[in-house]
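The opening position of the sequence shown corresponds to residue 46 in this note's numbering, with each subsequent residue numbered one higher.
Worksheet: the structure to be examined is printed underneath.
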Amino acid sequence: MPELNEEKDNFIKIDLDKSLRRYLNYLKKIKNIKDEEEAIESALQIYKKLNMHEWMPYIYRSGNERLLIISHGMFNDILSTIPESRLFDLAKSIALKRKVLRTFDPNLDLTQVDNWSIILNEMENLGWGKFTRDGDEIKIEYPGIPLVFIRGYLEALFNQEFCAHVTMDGKIMVLRPQKS
């Protein structure tokens, strides 16, 4: 097995077509990136985060699940036809189905608070919002779907009822476990 030469093996030469070169120059011009290396590294991080190596033309996947990319407006139009109480029940049903089908590691005990971050990270990767766990509290920012749906989904997955608290500006939501 050949030995790794750190300096040599960290260097990659890539020939880009004109449109990609123009795009990189545009990103630098608007100061979205500082250099080409940053853009390529960021692109590879996203490629890895979204498991894009599993994607095929017209079919995007994450593990065994097919992903659909739909505009937020279109998704909200669909959800707006469903009453909140039904959204909550629907979310719980989806989560319970996921548990039965074991779409994640069957040895993962989601009743354990320390394991919640695995699901929250997955939800972040899929664009549900930004989730920060502080002990047994979950802070939600930039939600892509209604809080009632997120709450129902997490309650079913974690087997834990939550109280929802929303900041005055409505931009940050915190889920706290209900005390029995």
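Just so you know, even glycine gets a beta-carbon here, dropped at the ideal spot from N, CA and C.
Keep in mind the model is a prediction, meaning the values are calculated, not measured.
The C-alpha of Thr212 is placed about 18 Å away from the C-alpha of Asp181. By the criterion of at least three beta-carbon pairs nearer than 8 Å, the region 215-225 is in contact with the region 195-207. Per DSSP, reduced to three states, the secondary structure at Ser107 is strand.
In this structure, Leu171 and Ile163 do not form a Cβ contact; the two beta carbons are roughly 13 Å apart against a cut-off of 8 Å. Look at Asp62 here: in three-state DSSP terms it is coil, with no helix or strand label. The way I'd put it, the region 125-144 does touch the region 191-205; three or more beta-carbon pairs between them come closer than 8 Å. CA-CA distance, Leu146 to Asn96, rounds to 21 Å.
The residue from Asn166, Phe203, Ile115 with its alpha-carbon nearest to that of Ile185 is Asn166.
Here Ile115 carries a coil assignment [DSSP, helix/strand/coil]. For Lys184, the enclosing beta strand (DSSP E) starts and ends at 182-186.
Apart from the 5 residues on each side of it in sequence, Ile114 sits with its Cβ closer than 8 Å to the Cβ of Tyr105 in its chain, given in chain order.
Asp122 sits in a helix when the DSSP states are folded into three classes.
Between the C-alpha atoms of Lys94 and Glu129 there is a straight-line separation of about 31 Å.
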